Amino acid sequence: MKTPTFITEIANRIEAITGVTYEEICTGNRKAEVTRARHALMWYLYRKHHYKYSLSAIGILLNRNHTSVYHGVLVVDWALHNNDSRFKFIQTIEDPDYICPQCGCKRNHTPAVQ
């Protein structure tokens, strides 16, 4: 199944911020940074686009079950509600011209999870 252009653009923005590619997001990789990027993409497609994409449709695009997508959305909802710094980068997804104030690069340097 061909990935819609819009989703590719969002995935490219997430890659620019996190360094995780769309291909990595679609794998079974469970590393924290990959999982975080995957959850961010799930949340962005489901919440920011006013439920335009169903959980099942997002799951198909990311090689996941709809319940896994729902879990990812809830994880980000909880993190944003509790000001969790691991998902701070989500604010920059909509801004493709984001420049890091620390070093001038296009990535948001979120602290690694210990």
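For the sequence shown, the residue numbers in the working numbering are 2 to 115.
For every residue, glycine included, the Cβ atom is placed at its ideal position computed from N, Cα and C.
These figures come from a predicted structure and were not determined experimentally.
One Cα belongs to Thr36, the other to Ile8, and the distance between them is close to 17 Å.
For Arg39, the enclosing alpha helix (DSSP H) covers residues Ala33 to Trp44. Shown here, Asn30 sits in coil according to DSSP, grouped into three states, outside any helix or strand. Counting only the Cα atoms, Leu42 lies some 11 Å from His50. Residue range Thr6 to Thr19 is occupied by the alpha helix (DSSP H) that includes Glu16.
Nearest to Phe90 by C-alpha distance, out of Asn30, Thr4, Glu25 and Ala38, is Ala38. Here DSSP, grouped into helix, strand and coil, assigns Arg65 to coil. Using a Cβ distance threshold of 8 Å, Leu63 and Ile15 do not count as a contacting pair. At a Cβ-Cβ threshold of 8 Å, Val74 and Arg48 count as neighbours. Closest by C-alpha distance to Ile11, out of Ser57, Tyr45 and Tyr54, is Tyr45. The DSSP-derived three-state label of Asp78 is helix.
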